[in-house]
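Listed in order, the protein sequences are those of chains Z and C. Counting in the working numbering, the first sequence runs from 8 upward without gaps. Counting in the working numbering, the second sequence runs from 8 upward without gaps. Heads up, the thing below is written out as structure tokens.
There are 2 protein chains.
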Amino acid sequence: MAVTEQQARRALAGVMDPELQRSIVDLGMVRDVKVSDGRVTVTLALTTMGCPLKDQLQKDTRAALLKVPGVQSVDVRMEEMTAEEKARLYGDQKQEQGGLAEKFNHVEHVVAVMSGKGGVGKSLVAALLATGLRRKGLRVGVLDADITGPSIPKMFFPNGAQPGSSPIAILPAETSTGIKVMSINLLLEREDQAVIWRGPLISGAIRQFWTDVLWGNLDYLVVDLPPGTSDASLTVLQSLPMSGVLLVSSPQGLAGMVVRKAAQMVRQVGVPLLGLVENMSYFIAPDTGKQYDIFGPSHPEIMAAQLQVPFLGRLPIDPELTSLCDYGQIESYKGDAFQPIVERLSQMTPEAKPPAMPAPAQGR
Amino acid sequence: MAVTEQQARRALAGVMDPELQRSIVDLGMVRDVKVSDGRVTVTLALTTMGCPLKDQLQKDTRAALLKVPGVQSVDVRMEEMTAEEKARLYGDQKQEQGGLAEKFNHVEHVVAVMSGKGGVGKSLVAALLATGLRRKGLRVGVLDADITGPSIPKMFFPNGAQPGSSPIAILPAETSTGIKVMSINLLLEREDQAVIWRGPLISGAIRQFWTDVLWGNLDYLVVDLPPGTSDASLTVLQSLPMSGVLLVSSPQGLAGMVVRKAAQMVRQVGVPLLGLVENMSYFIAPDTGKQYDIFGPSHPEIMAAQLQVPFLGRLPIDPELTSLCDYGQIESYKGDAFQPIVERLSQMTPEAKPPAMPAPAQGR
């Protein structure tokens, strides 16, 4: 049975670009296909010959074609795209302008974790939420929007991490369980380097974490917000296609006041409030098992009722968890206090709104 | 013995404007003095006839003149200043432009409390520092530079507070022990109202808290910085005449990393680092007296050595203190863990640098 070019092209349609997660046929990367006596010669066009995923692409292409009945041998050649081919791939935008990654991202739910006040455990809740969603088998990313005090990488990467390189985008770092992470600290030479930027630069960096990072297909993107209701929070709530905001509080009266400010801001920009989690609710002495309200008595249900948001649960102060956070091993946390919160949240998150940004992504 | 006009004018030179704390003669407020047979008639010029301190000024003037031997009676008349008199008082600046208060402020030491990270207890340390300095009999103010998450007023005022009104400036609120406080929350209708401002507005508000608030003569102005190394921190460190910065950390590894970022920023803008205080170091169970390292083991001395700053002390987590903070009664805290820190700090604070702001204050 003679192999036809049509059969070969059908097989190629099933080969995905490992980075963009789209068919190489759809991406216009198949420049030429020749079939002769069961021998297939394919020429693929790459955005750059320095593409780090070149070998995998070659292997996948060969494997797909060898599955076609009658194919005896496969020759995969690679060339660089012409300027016109690149322009077709990238659309109207110029490569230098950024925003290319956004075209290839598809994120179902964007959930921000916010408290207004610092140090109540936003980053911890964001990390536990991402870990819990990942344990359910979902595809999860974490965008660390705290540019001046980023906590996320330290919780997930015991030995630090670098983002991947790609000609068209920044690739997020991946944790041991496969959570994709982007944080300014992944881009700094030293983790304790100060980022002394005024508001517009902070906002610009956060926008780039959305438009220039190749998140790919995600079920959830968890956004860890910094304290406050200024530039970073405003930019996330106004520029990203938010599904909703998860509020984090602590038993301190001060925290309650500031969380109410945060809730008011979220309402003003028209984003749904998904619920309230109280962190640092109590401390259980590991030796005696006795419970201490070290930050005062806790009434998160009343606060949630005042804010008219669902109360999702309480988290104790757990020295083991603090230690796991400090050593980049939050994903191995055994405590189950957070999983019910993950379950409830994953049932209630609306799909992400279309992005409110200028020049919205095409092809999503 | 006949009273002379010269004697009367000398007595008037000792009368201070209660608001500006300058002699009414120096301020050009004495428009006319007539002496006849032991009867003195004085005409004072006020910036506005609505001045809330008019009565006190009248009383003080009368009392000063009655002390002059031979004075039988005093008649104090009050008129409003002419435009020229006001211009002379205010200097070149127009009243509407603000910045008038700064001319009358004299602050010896400006100390900012910073950590980079939120929730490690900056505001608590700032409030304890102010309280401790005040207990030593010093004149103390607290400038709350956390515009989106202000904690200071709640710690000092059990029933809220309003700033005073004055024709030329904002008057800080005063605590029960006489600490002067300015915070955005004193200017809001409701304490949990959100302030959703981008960086330039945040910076503008902080600058106004320096230029438009009548702090008067202070030995110490303690500035409570928000988390982060962005607009608020930059503005304080660059625009205020800083004596130095006190760093606050917690045992969490995350906090350590972010505090190192903050220290780097302070060094970059050329402000002295006064030392490091560790908060939340441990928790002592009130029933058993046992100590728990609930946020992990603590090595602040090592951290201080790495940062090359003096280590000033540790503060435990004290539920009583949390409760006092939540009820506006921090000034009645009995614990003495903080007083040694106050002592050391008050020995090492350099005098405030001349301000680096455009149009520096005259007459300081």
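Each residue gets a CB set at the ideal place from its N, CA and C atoms; glycine is no exception. As the structure is a prediction and not an experimental result, all values here were calculated from the model.
Among Z:Ala311, Z:Tyr289, Z:Thr295, nearest to Pro304 of chain Z - alpha-carbon criterion: Considering only alpha carbons, the answer is Z:Tyr289.
Residue environment, Asn112 of chain C, which counts as buried when at least 16 other CB atoms sit within 10 Å: Buried is the call here.
Beta strand (DSSP E) segment containing Lys297 of chain C, residue limits: Counting along the chain, no beta strand (DSSP E) covers Lys297 of chain C, and no H or E run does either.
Backbone CA spacing between Ile309 of chain Z and Pro258 of chain Z [nearest angstrom]: CA-CA distance, Ile309 of chain Z to Pro258 of chain Z, rounds to 12 Å.
Below-7 Å beta-carbon distance, Met249 of chain C vs any chain Z residue: When Cβ-Cβ separations below 7 Å define contact, Met249 of chain C makes no contact with chain Z.
The region 328-341 of chain C: positions lying closer than 7 Å to chain Z by Cβ: Of all residues in the region 328-341 of chain C, Thr329, Ser330, Cys332, Asp333 have a Cβ within less than 7 Å of some Cβ in chain Z.
Secondary structure of Asn192 of chain C, DSSP reduced to three states: In the three-state reduction of the DSSP assignment, Asn192 of chain C falls in the helix class, which pools H, G and I.
Distance between Glu198 of chain C and Leu135 of chain C (C-alpha atoms, nearest Å): Straight-line Cα distance between these residues: approximately 22 Å.
Leu280 of chain Z, enclosing beta strand (DSSP E) - first and last residue: Start and end: 280-285.
Entirely enclosed alpha helix (DSSP H) segments - the region 11-83 of chain C, minimum 4 residues: Runs found: 12-20, 61-73.
7 Å Cβ cutoff, Trp204 of chain Z in contact with chain C: True, the Cβ-Cβ gap to chain C drops below 7 Å.
Near-chain Z residues of the region 173-195 of chain C - C-beta to any C-beta below 9 Å: Within the region 173-195 of chain C, the residues whose Cβ lies closer than 9 Å to some Cβ of chain Z are Asn192, listed in chain order.
Closer than 7 Å to chain C by CB, Met310 of chain Z: With 7 Å as the cut-off, Met310 of chain Z does not count as an interface residue toward chain C.
Of the residues C:Met249, C:Thr55, C:Val132, the one placed nearest Ala344 of chain C, counting alpha carbons only: When C:Met249, C:Thr55, C:Val132 are compared, the shortest CA-CA separation from Ala344 of chain C is found for C:Val132.
Residues near Trp204 of chain Z by beta carbon distance below 8 Å, same chain, minus five either side: Once the five neighbours on either side are set aside, the close Cβ partners of Trp204 of chain Z are Ile154, Thr155, Ala212.
Three-pair Cβ contact test at 8 Å for the region 74-81 of chain Z versus the region 179-190 of chain Z: Under the 8 Å Cβ criterion, the region 74-81 of chain Z does not count as touching the region 179-190 of chain Z, having fewer than three qualifying pairs.
Min CB distance Gly211 of chain C to chain Z below 7 Å: It does not; no Cβ of chain Z falls within 7 Å.
Chain-order list of residues whose beta-carbon lies under 7 Å from that of Arg95 of chain C (same chain, five-residue window excluded): Exclusion of the five residues before and after Arg95 of chain C leaves Gly35 as the residues of its chain whose Cβ lies within less than 7 Å of its Cβ.
Sequence ranges, beta strand (DSSP E) only - wholly within the region 313-353 of chain C, length at least 3: 318-321, all fully within the region 313-353 of chain C.
Beta-carbon proximity list for Met355 of chain Z, same chain, < 7 Å, skipping 5 on both sides: Around Met355 of chain Z: Leu281.
Rounded Cβ spacing between Leu60 of chain C and Pro25 of chain C (contact assumed at less than 8 Å): With a Cβ gap of about 5 Å, Leu60 of chain C and Pro25 of chain C count as contacting.
C-beta neighbour in chain Z for Ala201 of chain C, strict 7 Å: Yes, Ala201 of chain C lies at the interface with chain Z (some Cβ there is under 7 Å from its Cβ).
Residue-chain proximity (Tyr223 of chain C, chain Z), Cβ-Cβ < 7 Å: It is Gly, not Tyr, that sits at residue 223 of chain C in the sequence shown. Not one chain Z Cβ lies under 7 Å of Gly223 of chain C.
Chain Z within 7 Å of Met272 of chain C, Cβ atoms only: Chain Z, which has a Cβ nearer than 7 Å to the Cβ of Met272 of chain C, makes this yes.
Selected residue, minimal CA-CA separation from Asp226 of chain C, among C:Leu232, C:Arg29, C:Ser250, C:Ala70: When only C-alpha atoms are compared, the closest one is C:Ser250.
C-beta atoms of Thr252 of chain Z and Ala119 of chain Z nearer than 7 Å: Here residue 252 of chain Z is Val; the residue named in the question, Thr, does not match the sequence. With a cutoff of 7 Å on beta-carbon distance, Val252 of chain Z and Ala119 of chain Z are scored as near each other.
C-beta contact flag for Tyr340 of chain Z and Pro165 of chain Z at 7 Å: No, they are not a contact pair.
Under 8 Å from the C-beta of Asp300 of chain Z: neighbouring residues of chain C: Simply Pro326.
Where Ala119 of chain C falls: helix, strand or coil (DSSP): Reduced to three states, the DSSP call for Ala119 of chain C is strand.
Inter-residue Cα distance where the pair is Gly377 of chain Z and Ala176 of chain C: In the structure displayed, chain Z extends from 8 to 371; residue 377 of chain Z sits before or after that span and is not available.
DSSP-derived helix/strand/coil call for Gly167 of chain Z: Note: Gly167 of chain Z maps to coil in three-state DSSP.
Meets three-Cβ-pair contact criterion under 8 Å: the region 13-33 of chain C and the region 138-152 of chain C: The region 13-33 of chain C is not in contact with the region 138-152 of chain C.
Short CB-CB distance (under 7 Å) between Glu358 of chain C and chain Z: Residue-level contact check: Glu358 of chain C does not touch chain Z, since none of the beta carbons of chain Z fall below 7 Å from its beta carbon.
Test: Pro234 of chain C CB closer than 7 Å to a CB of chain Z: Any Cβ of chain Z closer than 7 Å to the Cβ of Pro234 of chain C would place that residue at the interface, and such an atom is present.
Contact list for Ser158 of chain C against chain Z, beta-carbon separation under 7 Å: Neighbourhood of Ser158 of chain C in chain Z, by CB distance below 7 Å: Leu261, in chain order.
Same chain, Cβ closer than 6 Å to Thr242 of chain C, five either side skipped, listed in chain order: The answer, listed in chain order, is Ser210, Ile213.
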